[in-house]
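Q: Could you have a look at this structure, given as structure tokens, before my questions?
2 protein chains.
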Amino acid sequence: MLKGKRHGRTALSREELADLDAHWRAANYLSAGQIYLMSNAMLREPLRPEHIKPRLLGHWGTCPGLNLVHTHLNRVIKARDLSALAIWGPGHGGPAVLANSWLEGSYSETYPDVSRDEEGMDRFFRQFSFPGGVPSHVAPETPGSIHEGGELGYSLSHAYGAALDNPGLVVACVIGDGEAETGPLAASWHSNKLLDPVHDGAVLPILHLNGYKIANPTIPARLPEEELDALLRGYGHEPLHVTGDKPMEVHRAMAAAMDEALDRIAAFQHEARDAGRTDRPRWPVIVLRTPKGWTGPAEVDGHPVEGTWRAHQVPLPGVRDDPRHLRQLEKWLRSYRPGELFDEQGRPRARVLACVPEGDRRLGATPHANGGLLLRELPIAPLERFAVPVDKPGSTMHEPTRVLGQLLAQIMKDTGNRRDFRLVGPDETASNRLDAVFDASGKAWQAEILPTDEHLARDGRVMEILSEHCCQGWLEGYLLTGRHGLFSCYEAFVHIVDSMVNQHIKWLRTSRRLHWRAPVASLNYLLTSHVWRQDHNGFSHQDPGFVDHVLNKSPEVVRVYLPPDTNTLLAVADHALRSRDYVNVVVAGKQPCFDWLGIDEARAHCARGVGVWEWAGTETGECEPHAVLACAGDVPTQEALAAAELLRSNLPELVLRVVNVVDMTRLMPKEEHPHGMPDFEYDAVFTRDKPVIFAYHGYPWLVHRLAYRRAGHANLHVRGYKEFGTTTTPFDMVVSNDLDRYRLVMDVIDRVPGLGARAVAVRQSMADARTRHHAWIRGHGVDMPEVAEWAWSG
Amino acid sequence: MLKGKRHGRTALSREELADLDAHWRAANYLSAGQIYLMSNAMLREPLRPEHIKPRLLGHWGTCPGLNLVHTHLNRVIKARDLSALAIWGPGHGGPAVLANSWLEGSYSETYPDVSRDEEGMDRFFRQFSFPGGVPSHVAPETPGSIHEGGELGYSLSHAYGAALDNPGLVVACVIGDGEAETGPLAASWHSNKLLDPVHDGAVLPILHLNGYKIANPTIPARLPEEELDALLRGYGHEPLHVTGDKPMEVHRAMAAAMDEALDRIAAFQHEARDAGRTDRPRWPVIVLRTPKGWTGPAEVDGHPVEGTWRAHQVPLPGVRDDPRHLRQLEKWLRSYRPGELFDEQGRPRARVLACVPEGDRRLGATPHANGGLLLRELPIAPLERFAVPVDKPGSTMHEPTRVLGQLLAQIMKDTGNRRDFRLVGPDETASNRLDAVFDASGKAWQAEILPTDEHLARDGRVMEILSEHCCQGWLEGYLLTGRHGLFSCYEAFVHIVDSMVNQHIKWLRTSRRLHWRAPVASLNYLLTSHVWRQDHNGFSHQDPGFVDHVLNKSPEVVRVYLPPDTNTLLAVADHALRSRDYVNVVVAGKQPCFDWLGIDEARAHCARGVGVWEWAGTETGECEPHAVLACAGDVPTQEALAAAELLRSNLPELVLRVVNVVDMTRLMPKEEHPHGMPDFEYDAVFTRDKPVIFAYHGYPWLVHRLAYRRAGHANLHVRGYKEFGTTTTPFDMVVSNDLDRYRLVMDVIDRVPGLGARAVAVRQSMADARTRHHAWIRGHGVDMPEVAEWAWSG
């Protein structure tokens with residue numbers, strides 16, 4: 006029964022209805038078959054225990070609903086020649102999405118050994134959730150998918166990401182009522198405030214209320230309908246209800262709702278595109294209320310199953326051992342009348358396929374779900390146009406992210422017609438000093454605009470919302486459908502999406518191993534407003550641990566860069582934006598920072614990832630250095646160079662080498678990461694036995710974790726952030742964490758033997774400087790002049 | 006102007022109104038003063054540059070709104086003798102909350118050196134955002150606070166956590182319109198579906214729409230009012246609007262809205278408590294719409310500031326250098342008429358304090374914000390009642406979390422009247438096999454209940470929602486107000502709250518250093534359904550990295566336990582639940598697991614945190630072992646003991662030591678963590694120079710990171726999870742990640758010199774077993790009998 010706002014009935018002939026139902030039954034049969042059977046897929050014989058998989062792993066509950074949606078999407082895609090993509094929020098219902106792909110043929114085209122016939126069906130059933138087979142969730146292996154069905158909450162932001170700058174695309178997004186309880190999903194409803202009906206495609210959310218999570222009812226399903234409608238209207242949507250448990254009635258209602266929704270979408274797009282209407286459309290949402298585990302066993306062992314949480318996973322768990330369960334399973338499977346659905350060779354009959362669209366229109370075959378096929382090279386202008394001139398290291402300063410903003414602005418300009426580049430961030434583009442991009446694109450905004458607003462634009466490609474979850478989800482959806490982008494974020498708060506980046510890295514790792522998935526643009530993070538410069542915000546905004554987090558993940562996907570100045574940031578960004586299938590984490594400051602390298606040197610340095618800065622050390626080439634002072638990150642590099650200068654002027658006899666690390670993974674063994682240095686190279690840079698004082702941007706033990714296998718590891722002494730922070734000056738921050746120039750000088754002196762009395766005196770003067778700092782800072786609130794005015798004079 | 010649903014006017018006399026306004030002006034004056042002044046707090050002299058702080062750090066924009074709310078909360082608290090707690094979502098408006106605390110006297114009582122007079126005011130201004138002073142955000146240092154104002158999104162879940170089981174408490178929660186865009190906040194609106202009007206207190210959300218984030222309008226502020234109202238009604242609230250920019254009108258409207266809201270709350274509570282009404286109340290929400298930076302400079306340098314995003318931080322940035330800015334600041338400060346507000350000694354005048362309540366009723370003095378004061382010992386029954394009997398190690402199996410469930414059930418029972426223990430989790434209590442607790446308490450649920458539902462109860466103290474953010478926020482709020490609890494979560498998905506636990510650890514770290522904050526119960530995580538047993542869910546559900554994440558944080562707060570069996574889990578849980586001011590991460594499986602230790606041994610083993618299991622090794626005490634086989638975690642312990650058995654039976658001449666680690670921080674140096682072993686102890690357990698093969702539950706490099714300074718580190722070889730996973734059998738998982746018994750035997754053989762030809766043959770047979778596994782598993786889908794049926798026979 007179709008309820009809610011009245012809308013025109015779609016007139017389905019009896020035959021069309023029967024065809025739709027046949028497709029749905031076939032998909033249900035194939036879903037259940039995958040969960041249970043390892044042979045006898047066509048039920049040619051009565052079911053015996055040996056036909057049943059020894060371990061029953063999968064989720065039945067959501068499958069019938071997903072199959073219903075897929076069947077009806079097929080119908081409207083074919084009827085309207087739609088370009089459509091589907092996001093399956095309840096992706097743990099993997100059997101459903103797989104079943105549909107097999108039915109439409111896209112599965113066998115992708116995996117020819119799983120043919121669309123009886124032999125293929127046998128294989129198709131057996132491989133599911135079976136060692137060496139396919140995962141039980143929607144996954145990279147699933148044709149037509151860009152959305153892993155494991156961790157819930159991101160379906161709708163992925164859908165919006167896919168729809169952006171795809172004006173011809175309709176993205177249908179099934180949201181489970183469990184997923185609807187999550188924060189990320191709740192936030193992403195408001196994505197419609199940034200969706201441009203002119204330049205973007207449409208998102209059709211389908212909220213599937215089957216009523217239950219693993220073991221509980223869901224909140225959305227237990228809201229009175231007027232309260233749920235108020236919620237959806239508050240999200241900016243107009244609900245269309247489809248409620249029922251009688252298949253034919255639900256088919257009719259679903260077909261009508263789909264048509265109504267697509268008609269409205271088409272009308273909104275027409276008004277915006279052709280009639281210049283600018284008010285925000287109230288886009289339709291379909292609320293589909295059907296029983297969990299619909300058409301499965303109504304009761305098992307005296308407990309109600311269909312329509313309850315008991316249908317979530319495997320409704321008949323004991324089929325291999327319990328003959329009654331086995332008979333019940335057989336009855337259930339035969340209730341779909343497989344003989345009507347598949348011919349003698351196990352191929353779907355014409356009636357089953359009547360609703361299925363052709364070629365690329367099929368949801369399992371759309372190139373939008375294999376975005377690398379659609380990806381174009383990003384136009385990146387020569388870096389020389391943006392690079393800052395560096396006559397002498399450390400004699401000038403620039404704000405690295407501000408200069409990067411000019412490069413990004415040029416990319417924005419150069420993609421103005423193509424519209425395949427987006428910048429996302431949680432309200433921080435200007436704060437992170439990337440505001441040059443606003444010369445090339447405004448910020449996407451479809452709500453009210455006031456005269457005092459700046460840079461808001463209906464067609465903007467900068468996307469800001471105070472939700473890192475939305476930023477991440479949009480960008481993932483955008484990249485996986487074949488476009489480019491960058492996420493700029495406060496360093497500390499990128500932890501908000503730790504779990505999302507986990508999933509994206511897992512997705513890329515698996516995708517890279519699939520021959521048929523074309524490489525997509527990397528997910529690029531610019532982490533700025535970093536731990537050392539939280540002057541306004543203090544302790545709560547200080548956390549450099551995202552690097553540690555991503556470095557736990559697959560090395561073939563993860564890259565981490567800490568450019569020490571403006572030109573190195575440009576070089577790293579250029580590389581990251583051109584790369585494929587990576588997650589690039591770039592940490593760079595927005596505050597004025599010394600310029601160390603000209604653009605050519607910067608390029609070469611970043612390509613090596615690590616290098617000796619001869620000009621900063623005191624080596625003459627006659628002997629090995631007495632000590633190595635290494636650094637990674639902009640603030641540590643500044644402190645290390647200040648320390649190098651203090652050592653040079655106070656202890657000229659000390660032979661010091663200064664090393665800068667841009668690419669943290671260079672420190673890892675070659676066997677552990679593709680960028681890892683071979684030992685001979687590491688030893689050549691860091692020595693095998695000299696003390697190495699390493700000033701690192703983040704948690705110091707990370708460097709040990711990366712370098713523990715190196716010969717010189719026992720001599721490695723790392724300084725970094727150790728959770729001492731508050732609202733204070735930048736220099737007070739480095740002193741508090743023992744990363745300051747004076748401390749680094751002391752560290753070197755403490756570790757180089759035989760330096761003599763002079764060194765003792767120098768060490769004391771360093772300790773005195775720290776004491777002086779402590780006294781000064783509490784009195785004046787700004788750094789003492791010798792620190793505030795320091796510049797490299799080497 | 007008060008808009009929205011009509012409700013009775015609160016009749017305020019002209020004098021009352023003037024008093025409220027005086028309090029508000031005083032708070033505004035004190036807020037601005039903190040941001041700008043380092044002396045001349047009372048403006049006795051014309052402002053000169055040297056009165057101004059050299060660095061202006063703070064957030065003005067939200068302060069006037071927070072001050073308005075605080076003023077009006079004061080009024081109703083006093084008028085109704087309310088027990089109230091306030092959560093300040095826009096906690097970066099620290100100056101406002103500090104100002105109110107200073108005004109009411111709670112600040113000076115907490116920090117006597119900052120007295121409530123002119124000298125104190127000078128100090129109060131100077132210390133704000135000043136090195137050695139106080140943070141710019143609401144923080145642990147702020148009296149009356151339980152909510153850090155840095156990372157946005159958690160105010161409302163903290164408020165609900167505080168209100169649970171506090172039937173006499175009203176928790177007012179100011180939500181900024183920026184914060185309202187976040188996912189965690191969006192999810193937490195639905196907390197009202199779990200709030201029991203009988204046993205819980207009330208939450209009064211106050212959505213403050215000042216219109217702007219850092220550099221953008223906010224989405225909620227730009228929704229048409231009927232759409233916003235629909236959204237709030239969809240969340241289950243009835244909105245009361247207060248809109249305006251004329252102070253006296255807003256005071257009148259705010260007073261009326263507060264009274265209306267509290268009347269409704271009282272009526273709902275009365276109906277539920279005294280009249281037995283069980284339908285879910287539509288609790289009030291106040292929507293407060295006032296200008297950002299209200300009463301601050303209207304325009305600066307020709308740009309509008311008041312009422313725009315430009316008022317977010319410091320509206321007049323150039324006061325120290327620009328005489329016009331300085332004059333504008335002085336005019337602004339004097340606009341509050343400080344002479345009317347403070348007497349000659351700088352003390353607030355009686356009129357200013359007329360609305361302020363007394364003693365513990367003051368928001369800065371409520372013991373609910375210093376929950377340790379209210380904390381009672383948790384009754385924990387003797388573990389012997391739940392412990393499983395262990396006659397011989399490895400001869401029986403139990404599901405550790407299922408047994409823990411019985412302990413938790415008893416605690417639930419024993420706190421049935423006190424109601425100060427809660428179990429939270431994202432729909433996983435039963436899945437995690439803790440369902441024994443349902444004998445003692447149902448699951449909190451205020452929405453519709455159907456006959457097929459199980460364990461739902463209006464007064465339940467188990468809280469389930471498919472939002473880890475809500476679970477975490479509720480529990481934090483509950484603990485910080487002086488109660489106890491446990492968060493049970495799938496191991497992989499606890500990363501969803503990485504950023505929240507960061508903030509909680511930072512909170513605890515700072516609180517521990519404040520003499521006036523009483524210790525609170527620890528935040529206890531039970532991470533189960535872990536990486537090795539994702540048979541149903543596969544790769545997306547596999548991530549053991551939360552341990553790595555928390556170990557980056559302050560060691561005085563963080564504890565990590567990996568109990569290897571049922572009785573050790575009981576012992577660890579007992580310890581964690583009794584502890585204070587920690588974050589305890591306990592990782593334990595739910596699947597049947599061998600019982601290794603009786604309860605007494607388990608207690609002793611967990612107290613030591615690491616120990617040699619003599620019965621599992623082959624040492625006779627005559628010589629040092631040839632190798633150490635260490636393990637941490639339930640599955641690695643099983644594989645390590647299987648390996649030990651293989652070694653014993655195949656290579657009896659090999660002297661093997663088996664070490665089990667429960668407390669991971671024992672591996673750290675003593676200087677780095679309070680639990681760290683001194684070197685002599687580490688060496689005694691692990692040896693200084695023998696090969697150590699370490700089978701670890703999570704990412705293997707974590708062990709290196711913890712132990713890199715140990716003498717024997719070069720001989721340490723760690724196996725663990727390295728991101729190889731899918732839907733498969735448990736043994737296939739360990740084989741895929743080289744953590745299986747056969748691999749461990751090979752690792753030992755490879756590292757012990759001089760074992761001879763027999764060892765070569767044994768090694769080959771182990772490699773053969775792995776090959777056998779690979780062939781078997783693809784064919785059968787279950788583990789081969791020698792693995793599936795293995796039990797310890799030592």
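Protein chains in written order, with my numbering: chain A, 6 to 799; chain B, 6 to 799.
We treat Cβ as the ideally placed atom computed from N, Cα and C, and that holds for glycine.
1) So if DSSP puts A:Val290 in a beta bridge, which residue, or which two residues, is it bridged to?
2) Please classify B:Leu173: is it buried, with 16 or more other beta-carbons within 10 angstroms of its beta-carbon, or exposed?
3) In angstroms with no decimal places, state the Cα-to-Cα distance between B:Ser516 and B:Arg522.
4) Measure the Cβ-Cβ separation of A:Ala700 and A:Leu749 and say whether it is below 8 Å.
5) Taking 8 Å as the cut-off, does the region 87 to 100 of chain B touch the region 113 to 129 of chain B (at least 3 CB pairs, one atom from each stretch)?
6) How would you label B:His520, buried or exposed, when you count the other beta carbons within 10 angstroms and need 16 or more for buried?
7) Going along chain A, which residues have a C-beta under 8 Å from B:Asn542?
8) Please name the residue in B:Asp688, B:Ile385, B:Pro69, B:Ala645 whose C-alpha comes closest to that of B:Phe599.
9) When you compare the region 21 to 31 of chain A with the region 344 to 354 of chain A, are there three or more beta-carbon pairs, one atom per stretch, that lie closer than 8 Å?
10) Looking only at C-alpha atoms, which of B:Asp425, B:Phe492, B:Leu103 sits nearest to B:Asn33?
11) Determine the extent of the beta strand (DSSP E) in which B:Arg662 is found, giving its start and end residues.
12) Using 10 angstroms around the beta-carbon of B:Cys68, count the other beta-carbons present and answer buried if the total reaches 16, otherwise exposed.
13) Determine, using beta carbons only, whether B:Gln318 and A:His541 come nearer to each other than 8 Å.
14) My assumption, with CB atoms under 8 Å, is that B:Tyr495 sits in contact with A:Asn557. Please give the rounded CB distance.
15) Using C-beta distances below 6 Å, list every residue in its chain close to A:Gly681, excluding the 5 sequence neighbours before and after it, in chain order.
16) Starting from the beta carbon of B:Ser472, find every residue of chain A whose beta carbon is closer than 7 Å, and list them in chain order.
17) For A:Ala308, is the classification buried or exposed, using 16 other Cβ atoms within 10 angstroms of its Cβ as the cut-off for buried?
18) The beta strand (DSSP E) with A:Pro189 in it runs from where to where?
19) Taking its Cβ as the centre, do 16 or more other Cβ atoms sit within 10 Å of B:Glu627, making it buried, or is it exposed?
20) Report all residues from its chain with a CB closer than 8 Å to the CB of B:Thr187; omit the five preceding and five following residues, and keep chain order.
21) Smallest Cα separation from B:Met733: which of A:Arg488, A:Tyr687, A:Pro302, A:Val139?
22) Name, please, each residue of chain A whose Cβ falls closer than 8 Å to the Cβ of B:Gly249.
23) Any Cβ of chain B within less than 8 Å of the Cβ of A:His702?
24) Taking any Cβ of chain D, which residues in the region 57 to 79 of chain B have a Cβ under 8 Å from it, in chain order?
25) Looking at the strands, I want to know which residues DSSP matches up with A:Ala262.
26) Name the one or two DSSP bridge partners that A:Gly110 has.
27) How about A:Glu311 and A:Pro302: do their beta carbons lie closer than 8 Å?
28) So which residues of chain B does A:His500 contact, with C-beta pairs closer than 7 Å?
29) Relative to the C-alpha of B:Pro252, which candidate in B:Glu304, B:Asp326, B:Tyr341 has its C-alpha closest?
30) Please report how far the alpha carbon of A:Asp503 lies from the alpha carbon of B:Arg564, in whole angstroms.
31) Does the beta-carbon of A:Glu55 have 16 or more other beta-carbons within 10 angstroms, so that it is buried, or is it exposed?
32) With a threshold of 8 Å between beta-carbons, can B:Asn529 be considered close to chain A, or not?
33) Which residue's Cα is closest to the Cα of B:Arg613: B:Asp127, B:Val664, B:Thr371?
A: Looking at the coordinates:
1) A:Pro244
2) For the record, residue 173 of chain B in the displayed sequence is Gly; it is not Leu. Result: exposed.
3) As the crow flies, the alpha-carbon of B:Ser516 is around 6 Å from that of B:Arg522.
4) yes
5) no
6) exposed
7) His97, Ser141, His142, Gly155
8) B:Ala645
9) yes
10) B:Leu103
11) 661 to 666
12) buried
13) yes
14) Contact between B:Tyr495 and A:Asn557 is absent: CB atoms are separated by about 17 Å, not below the 8 Å threshold.
15) Met673, Pro674, Lys675
16) Glu186, Thr187, Gly188
17) Correcting the residue type first, residue 308 of chain A is His in the shown sequence and not Ala. A:His308 is exposed by the Cβ-count criterion.
18) A:Pro189 -> not in any beta strand (DSSP E); alpha helix (DSSP H) instead, spanning 188 to 193.
19) Around the C-beta of B:Glu627, fewer than 16 other C-beta atoms lie within 10 Å, and the residue is accordingly described as exposed.
20) Within the same chain, B:Thr187 has close Cβ partners Leu157, Gly158.
21) Residue 733 of chain B is actually Thr in this sequence, not Met. Checking every option, the nearest Cα to that of B:Thr733 belongs to A:Val139.
22) The premise fails here: B:Gly249 is roughly 18 Å from chain A at the closest Cβ pair, so nothing lies under 8 Å.
23) no
24) Protein chains in the displayed structure are A and B, and chain D is not among them.
25) Looking at the DSSP assignment, A:Ala262 forms no beta bridge with any residue, so it has no partner.
26) In DSSP, A:Gly110 forms no bridge with anything.
27) yes
28) Asp503, Ser504, Asn507
29) B:Tyr341
30) 21 Å
31) Around the beta-carbon of A:Glu55, fewer than 16 other beta-carbon atoms lie within 10 Å, marking it exposed.
32) no
33) B:Val664
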